[in-house]
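Residue numbers (my numbering): 445 to 1034.
Every residue gets a Cβ at the ideal spot worked out from N, C-alpha and C, and that includes glycine.
Put into structure tokens, the structure is as follows:
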């Protein structure tokens, strides 16, 4: 369903919208009753849009939103067919609309009332609209096909007129989402990449195996696609020797307007793949029995190797007040609003999470001036390649005063101890989340200062959620090299990844090394029965009849208290748990 972007601006607006069909009068006059059996469908997902900037819209600001709906209104009410043939000045058109929310009405006109002015569609006279008509379809009378989308009024003003956008301009932007009169099979996306074997850190790393499914769509309005096939290949721009399993895809029969997923494709990434490069796949040879081939999808699937681990170095919510901050009151005046405070003395209702810190010149009064500084303690930010200062704020500027100023400053040994302004607020309001790159000032003694000054009976500046965020850039954890427990055995082949066991001893052969395996009866749970088995072997030495190598955890030939381990790897920690951690799942003996 398509309407104006100024009607459905965001996904949030879509989530709260519904579209009504079959709402009209049952007779040919204003007094006739409306249809009692109208139907509504909820807006589902915004799939394409361009913003409203000007009533004289053009490419880049075509003021449309295309959204899917929950349900299938087209099966009951039909659908509009798009005509991209240019509108001709003077040709007859009509607009189907709900002016002021009334049941639908139709206006029609031609001749001097229809004017195509470049990319602007102007119409006058009998082609009238009202508030509430935004997003109404404009049809060509000669074939009843959609040629425009109404969005602005001005019918009585010569040279201005009612205005709309031409489908000639909109159609190329929405064509991927519309059905075709002919058979047309297209790439429609891929399921999210899923890790099969790897580090488990959600990032795609060298040495790992991942999987995905390809989705193909039959864009035909009425023709089924049978025997749909395709092939996944590595994009020519990728140098790594990535192995693709199940690359030849079969989608079976895809009904008109429907989509289908392939079988699972797996990719094996070599350990020498370069960190930071993108792995890119194309879908080629998309074919159908008796038709095709259809267009290849180049760079259909793409993902970077590695990730950027981010550390929140400090996070100040002011829930504990200003104990960790230095407040300098350099102005005049006294009382609760004299300087920075978390008490909100002016009872401001702001889009911040209380408590927040605020300096309120208006609340301080007409005779006082403000020169107020809020300074953080020194913070060690060394070791980070990238560093940013993030905060939420509300700077409310007063145009009739002294031109109040709000400076965000930093200092450190990297600045020679001098305060450096990294952001200034003045000359207008500012609010929301701010993120400032301060990597060049990183040091072991970095401080942040919020400085509000040149203020006398102005408005305020409020600050909240002050964070220092750092990262070391893109990092790859090569699967096969990762050694979580530092025992010299890579996790990929370690039978007990959380506990150091370089000898990889596994006397009962269950895939779980003795150092993390107190499950002596191999039923996949550590319990009292296992303690009984340990008790029976307690005190025995290798060669004794009751010696049990499974209970000799340290493999020193003696079963004693040392074999019960020490926290966090002792018997008690594993009690009522499966053996592990291990690269292998536990399978009970039968």
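Please give me, in chain order, every unbroken run of the beta strand (DSSP E) with length at least 3 that falls completely inside the region 588-626. 589-596, 606-610
Does DSSP put residue 1027 in a helix, in a strand, or in coil? Note that residue 1027 has pLDDT 48, beneath the 50 cutoff, so the model's placement of it is unreliable and the number below is only indicative. Reduced to three states, the DSSP call for residue 1027 is coil.
Locate the beta strand (DSSP E) running through residue 833, then write down its first and last residues. Judged by DSSP secondary structure, residue 833 falls within the beta strand (DSSP E) whose first and last residues are 830-840.
Beta-carbon contacts of residue 1014 that lie in its chain and below 8 angstroms, excluding the five residues immediately before and after: Answer for residue 1014: 1008, listed in chain order.
In chain order, what residues of the same chain have a beta carbon less than 6 angstroms from the beta carbon of residue 755, not counting five sequence neighbours either side? 914
Just verifying my parser: in three-state terms, what is the DSSP assignment at residue 1002? strand
Own chain residues within Cβ distance below 7 angstroms of residue 933, not counting five before or after: 927, 946, 948
Taking DSSP's pairing of strands, which residues face residue 525 in a bridge? According to DSSP, residue 525 bridges with nothing at all.
Is it buried or exposed for residue 504, if we count other Cβ within 10 angstroms and need 16 for buried? exposed
Among the candidates 499, 702, 662, whose CA atom is the shortest distance from the CA of residue 607? 499
Excluding the five sequence neighbours on either side, which residues of its own chain have a C-beta within less than 7 angstroms of the C-beta of residue 998, listed in chain order? 1006, 1007
Cβ-based neighbour list, residue 670, same chain, cut-off 7 angstroms, excluding 5 preceding and 5 following: Residues 697, 732, 733 of the same chain have their beta carbon placed closer than 7 angstroms to that of residue 670, with the five preceding and five following residues left out of the count.
Can you check the region 471-523 for any beta strand (DSSP E) of at least 3 residues that lies completely inside it and give the ranges in chain order? 483-494, 508-513
Would you call the region 531-539 in contact with the region 572-583, where contact means no fewer than 3 C-beta pairs closer than 8 angstroms? Short answer: they touch.
If we ignore side chains and look at the alpha-carbon of each, how far apart do residue 445 and residue 639 end up? 36 angstroms
Examine the Cβ distances between the region 733-747 and the region 899-915 and report whether three or more of them are shorter than 8 angstroms. no
Beta-carbon proximity check, residue 728 vs residue 764, cutoff 8 angstroms: no
Relative to the C-alpha of residue 594, which candidate in 549, 630, 541 has its C-alpha closest? Out of 549, 630, 541, 541 has the C-alpha closest to the C-alpha of residue 594.
Which whole-angstrom value is the C-beta distance of residue 904 and residue 803, which I expect to be below 8 angstroms? 6 angstroms
Please report the distance separating the alpha-carbon of residue 749 from that of residue 688. 16 angstroms
Find out if the Cβ-Cβ distance for the pair residue 427, residue 512 is shorter than 8 angstroms. Any property of residue 427 remains undetermined from this structure, which presents the chain solely from 445 to 1034.
Mind checking whether residue 920 and residue 940 have CB atoms under 8 angstroms apart? no
Please check the pair residue 848 and residue 902, which I expect to be a contact at CB under 8 angstroms, by giving their CB distance rounded to whole angstroms. 4 angstroms
Got a sec, what are the start and stop residues for the beta strand (DSSP E) residue 463 sits in? It spans 462-465 - the beta strand (DSSP E) in which residue 463 sits, taken as one unbroken run.
For residue 942, I'd like the list of residues in its chain whose CB is within less than 7 angstroms of its CB, leaving aside the five on either flank, ordered along the chain. Result list for residue 942: 928, 929, 960, 1025, in chain order.
Am I right that residue 862 and residue 885 are in contact with their C-beta atoms under 8 angstroms? What's the rounded C-beta distance? About 10 angstroms separates the two Cβ atoms, so there is no contact after all.
Determine the DSSP secondary structure at residue 1018, reduced to helix, strand or coil. helix
What residue from 890, 994, 840, 810 has the CA that sits closest to residue 857's CA? The option with the nearest alpha carbon to residue 857 is 890.
Pick helix, strand or coil for residue 872, following the three-state DSSP scheme. coil
Per DSSP, what kind of secondary structure is residue 808 in: helix, strand or coil? helix
Cα separation between residue 711 and residue 680? 16 angstroms
Whose CA, out of 838, 1000, 719, 868, lies closest to the CA of residue 922? 719
In the DSSP output, which residue or residues are listed as bridge partners for residue 911? 759, 834
Meets three-Cβ-pair contact criterion under 8 angstroms: the region 827-840 and the region 873-887: yes
Leaving out five residues before and five after residue 854 in sequence, what residues of the same chain have Cβ atoms less than 8 angstroms from its Cβ? 833, 863, 864, 866, 882, 885, 890, 891, 892, 893
Rank 597, 975, 897 by C-alpha distance to the C-alpha of residue 869 and give the top, closest one. Of 597, 975, 897, the residue nearest in Cα terms is 897.
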